[in-house]
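Going by the working numbering, 233 is the number at position 225 of the sequence shown; the sequence numbering is gapless.
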Amino acid sequence: MTAMTLQPHYRTVWISDVHLGTRGCQADLLLDFLNEVTADTYYLVGDIIDGWRLKKSWYWPESHHAVITTIMDKAKNGAKVIFVPGNHDEFAREFVDMTFGHVDVKMNDIHETADGKRLLIIHGDEFDGVVKYAKWLAYLGDTAYNLAIMLNRYYNGIRRRLGYGYWSLSAYLKNRVKNAVQFICNFENAVAHEAAKRKVDGVVCGHIHHAEKRMIGDVLYCNDGDWVESCTALVEDKEGKLELLHWAEMRQMAMTHSSPGRDAASTPSLGLGKLISMFRIAHGADNSASGTSKKRSDTPIGKTA
């Protein structure tokens, strides 16, 4: 047993936008996460398998198969696994309300946290006008996105050789380009508005590859991010507290603090609980220094009558 296995056990874990079947998928990091983190319930919030890309060309390395096997093993061994298909794995929507290999397939779900909050679980593509009304444009955008991911892969190969951590080109561009920022804001407000209409306390979604947890009006908006760029997951502890885990950054931090002489690919010497605490402290310090706390001018969304 390694020190990294001394992790807290979560009540619930949400992951989405893995995009198995693409070269941009960071399956090894996801396998690392799945092996180090345990939970009672796992939500797969869409775009786990990229059917769009697999239709164009087949790419399915062993690590991608291992992700599926690991998840299925968790379900077989007693964890509850719920799969909410997205637009890239929309083929699975034909099997909604069915169970395969102990995995429940649902179009959406309502999850109740340990402290009694009701959360709507959806992928979110129905709130993306491009996907809903101009699918050809979505395919075009998908091609451009995959090009950015390919360039990002080569760039990060150079960064690793120079001793730097992972950096996402596409995430950087999305956060700098005005139209992309506006799209994200519109999407978040639309999803939160839907949650308000359904009279739930919050929503968990994916789709836009932008991890976030914040209040929009009276609605708790959570996006669990992706495993192509940010490598993030949303987790719930036994008291019902929700938190985003930035796994790539946490792993890089662990390598930085690992024992001298250890190979960068070896298991770090820090326990996961210690690692999470360090990550929180580091990000809290960054926010204080830069003044970039999560204060944003949100469109007020009240609960509908």
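Even for Gly, the Cβ is constructed at its ideal location relative to N, Cα and C. These figures come from a predicted structure and were not determined experimentally.
From residue i to residue j, what distance separates their C-alpha atoms?
i      : j      : result
Leu212 : Phe91  : Correcting the residue identity first, residue 212 is Val in this sequence and not Leu. Distance between the alpha carbons of Val212 and Phe91 is about 13 Å.
Met258 : Leu42  : 14 Å
Tyr147 : Val208 : Confidence in Tyr147 is poor, its pLDDT being 46 and thus under 50, which makes the residue's placement unreliable; the coordinate value appears in the next sentence. About 33 Å.
Ile166 : Asp226 : 44 Å
Gln34  : Trp255 : 11 Å
Ile79  : Leu250 : 21 Å
Ile224 : Glu244 : 19 Å
Thr46  : Leu242 : 13 Å
Asn95  : Leu253 : 24 Å
Phe108 : Ile192 : 33 Å
In the DSSP assignment, what residue or residues form a beta bridge with residue i?
i      : result
Gly223 : Checking the sequence shown, residue 223 turns out to be Met, not Gly. Bridge partners of Met223: Leu228.
Gly240 : It is worth fixing the name first, because residue 240 is Thr in this sequence and not Gly. Paired residue(s): His254.
Leu28  : Ile57
Leu52  : Ile23 and Phe91
Is it buried or exposed for residue i, if we count other Cβ within 10 angstroms and need 16 for buried?
i      : result
Pro69  : exposed
Asn85  : exposed
Phe135 : buried
Met261 : buried
Arg61  : buried
Lys205 : exposed
Asp81  : exposed
Trp22  : buried
Ile57  : buried
Asp25  : buried
Asp105 : exposed
Ile118 : exposed
His217 : buried
Closest to residue i by CA distance: which of the options is it?
i      : options                           : result
Asp36  : Leu252, Ala262 and Trp235         : Trp235
Leu127 : Tyr229, Ser65, Ala47 and Gly109   : Tyr229
Arg210 : Thr240, Ile130, Leu253 and Arg101 : Residue identity check: residue 210 is Gly in the sequence provided, not Arg. Per the Cα distances, Ile130.
Tyr18  : Ala198, Ala122 and Ala74          : Ala122
Lys246 : Gly214, Ile79, Asn197 and Asp48   : Asp48
Asn194 : Asp133, Val113, Lys125 and Gly54  : Asp133
Ile76  : Arg101, Lys63, Lys64 and Tyr50    : Tyr50
Arg31  : Arg222, Tyr67 and Leu39           : Tyr67
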